[in-house]
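Student:
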Amino acid sequence: MLLDDDKGTILAIDFGGTKVIAALFNLQGKLLAKEKIIIAHQEGDKIVAETLKMCRNLFFSQNCLISGIGISTIGVVDGDYLRLVPTIKDWNQVNLREAFSLQYPNVPIYIENDVKAAAYGEVLNGALKNTKNGLYLNLGTGIAVGLTHGEEVMRGSHGAAGEIGYLLNSVEHNTSYKRGHAPFEEIAGGQGISQQIAKKTNVKMEAKAFWNKSFSEESELFQLKERILNLLSFQLSNLCILWDPEVVAIGGGMEAQFAYFADRLEPALHDNVPFPPKLVPAYYEQNASLNGIAQLLFKKV
Numbered sequence: 143m144l145l146d147d148d149k150g151t152i153l154a155i156d157f158g159g160t161k162v163i164a165a166l167f168n169l170q171g172k173l174l175a176k177e178k179i180i181i182a183h184q185e186g187d188k189i190v191a192e193t194l195k196m197c198r199n200l201f202f203s204q205n206c207l208i209s210g211i212g213i214s215t216i217g218v219v220d221g222d223y224l225r226l227v228p229t230i231k232d233w234n235q236v237n238l239r240e241a242f243s244l245q246y247p248n249v250p251i252y253i254e255n256d257v258k259a260a261a262y263g264e265v266l267n268g269a270l271k272n273t274k275n276g277l278y279l280n281l282g283t284g285i286a287v288g289l290t291h292g293e294e295v296m297r298g299s300h301g302a303a304g305e306i307g308y309l310l311n312s313v314e315h316n317t318s319y320k321r322g323h324a325p326f327e328e329i330a331g332g333q334g335i336s337q338q339i340a341k342k343t344n345v346k347m348e349a350k351a352f353w354n355k356s357f358s359e360e361s362e363l364f365q366l367k368e369r370i371l372n373l374l375s376f377q378l379s380n381l382c383i384l385w386d387p388e389v390v391a392i393g394g395g396m397e398a399q400f401a402y403f404a405d406r407l408e409p410a411l412h413d414n415v416p417f418p419p420k421l422v423p424a425y426y427e428q429n430a431s432l433n434g435i436a437q438l439l440f441k442k443v
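This is the structure in structure tokens:
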């Protein structure tokens with residue numbers, strides 16, 4: 143489609159573990175419209191169909207031209223497909239580029255991992271801007287980091303740099319990747335937290351509610367909190383020793399509890415890391431992935 147300074151727009155989409163957000167921006171970066179759908183426990187094909195419908199409604203409401211599409215998604219981007227996606231059923235069988243190209247032919251489409259997109263947003267115009275080395279920590283349905291150097295986000299040899307959900311929690315290997323596990327994510331990710339709560343108490347509780355609620359010291363859930371915080375402090379300390387970031391920015395769904403996490407993580411970083419980084423909330427708060435993919439798209443269209 144032809145670019146138009148008045149009607150040209152970009153479409154930014156963020157596929158998370160429990161929701162999808164789509165937003166339209168004009169070519170000057172102004173947010174025009176935004177919508178959200180909940181996708182918890184749905185399969186990949188249905189999620190794509192509902193997202194395409196949401197996008198059609200967005201464009202209909204604004205009567206605009208599309209100049210480019212940016213897609214942020216959980217999982218490791220491998221060509222037109224995704225790998226390492228345990229939180230959405232059959233997501234590794236979905237071809238996002240093909241699905242969106244059918245609805246929007248001849249429109250450039252860019253796809254990026256959600257945490258890497260968030261890290262780009264923070265390093266280009268957020269909490270990691272002007273840092274030599276930075277670290278974006280995503281605490282959400284899953285858990286991952288974006289490692290930044292200047293304005294670049296490290297990808298690794300297979301696009302899997304920062305997939306810390308697969309970090310081992312101990313020297314034992316009974317919960318390794320080859321055995322179908324993401325050891326750290328199963329303990330500290332939002333989905334894993336809910337599963338642990340259900341197993342211990344037979345109560346359904348989301349991670350946000352868990353972190354917002356106080357428990358007695360004798361409670362199993364108090365002990366679970368302590369275990370998660372201790373493990374998170376341990377893993378983040380090791381990551382900071384490895385990467386030597388100036389700043390660690392926390393985003394994702396748990397960003398709303400930043401002050402709570404900071405009270406525990408900051409002392410651990412100062413105690414364990416030779417050059418402790420500054421710990422800050424993500425500039426884009428819980429929408430870092432959406433804004434990050436939008437900023438990447440602005441650089442390309």
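Going by the working numbering, the sequence shown opens with residue 143, and the numbers climb by one from there.
Every residue gets a Cβ at the ideal spot worked out from N, C-alpha and C, and that includes glycine.
Please read all numbers here as calculations on a predicted model, not as lab measurements.
1) When we look at the beta-carbon of Pro416 and count the other beta-carbons within 10 Å, is it buried (16 or more) or exposed?
2) Just reading off the alpha helix (DSSP H) that Val265 is part of, what are its end residues?
3) With a Cβ-Cβ cutoff of 8 Å, do Gly322 and Ile285 count as a contact?
4) Taking the beta strand (DSSP E) that Leu169 falls in, what are its first and last residues?
5) Are the Cβ atoms of Gly434 and Asn280 separated by less than 8 Å?
6) Can you find the residues in the same chain that come closer than 6 Å, C-beta to C-beta, to Pro325, ignoring five residues on each side of it along the sequence?
7) Cα separation between Lys342 and Val249?
8) Mind listing, in chain order, the continuous alpha helix (DSSP H) runs of no fewer than 4 residues lying wholly within the region 161–230?
9) Would the region 236–247 and the region 192–203 be scored as touching if the rule is three or more Cβ pairs under 8 Å?
10) So, for Phe400: in the same chain, excluding its five sequence neighbours on each side, which residues have a beta-carbon less than 7 Å away from its beta-carbon?
11) What is the residue span of the alpha helix (DSSP H) that Lys355 lies within?
12) Put His323 into one of helix, strand or coil per three-state DSSP.
13) Do the region 292–310 and the region 256–265 make contact, defined as three or more Cβ pairs closer than 8 Å?
14) Starting from Leu411, trace the alpha helix (DSSP H) both ways and give me its first and last residue.
15) If you draw a straight line from the alpha carbon of Pro387 to that of Pro419, how long is it in whole angstroms?
16) Give the DSSP-derived three-state secondary structure of Leu310 in the structure shown.
17) Quick one: give me the first and last residue of the alpha helix (DSSP H) that Gly395 is part of.
18) According to DSSP, Ile285 sits in a beta bridge with which residue or residues?
19) Mind reading off the beta-carbon distance from Gln437 to Leu266? Whole number of angstroms is fine, and I expect it under 8 Å.
20) For the candidate residues Leu384, Gln170, Gln428 and Trp233, whose alpha-carbon lies nearest to that of Thr290?
Tutor: Put simply:
1) Pro416 should be labelled exposed.
2) Residues Asp256 to Asn267.
3) Not a contact, by the Cβ cut-off of 8 Å.
4) No beta strand (DSSP E) contains Leu169, which DSSP labels as neither H nor E.
5) Going by C-beta atoms, Gly434 is not nearer than 8 Å to Asn280.
6) Leu310, Asn311 and Thr317.
7) The straight-line gap from Cα to Cα measures roughly 49 Å.
8) Look at the region 161–230 and you find these whole runs of alpha helix (DSSP H), each 4 residues long or longer: 186–204.
9) Under the 8 Å Cβ criterion, the region 236–247 counts as touching the region 192–203, having at least three qualifying pairs.
10) Excluding its 5 nearest sequence neighbours in each direction, Phe400 has C-beta neighbours in its own chain below 7 Å: Ile392 and Pro423, listed in chain order.
11) Premise fails: Lys355 is in no alpha helix (DSSP H) and is neither H nor E.
12) In this structure, His323 counts as coil in the three-state DSSP scheme.
13) Proximity of the region 292–310 to the region 256–265 meets the contact definition, three or more beta-carbon pairs being nearer than 8 Å.
14) Where Leu411 is concerned, the enclosing alpha helix (DSSP H) stretches over Phe400 to Asn414.
15) Pro387 and Pro419: Cα-Cα distance of roughly 6 Å.
16) In the structure shown, the three-state DSSP call for Leu310 is coil.
17) In the DSSP assignment, Gly395 falls outside any alpha helix (DSSP H) and carries neither an H nor an E.
18) Leu281, per the DSSP bridge assignment.
19) Between Leu266 and Gln437 the Cβ distance is about 5 Å, and since that is below 8 Å, they are a contact.
20) Out of Leu384, Gln170, Gln428 and Trp233, Leu384 has the C-alpha closest to the C-alpha of Thr290.
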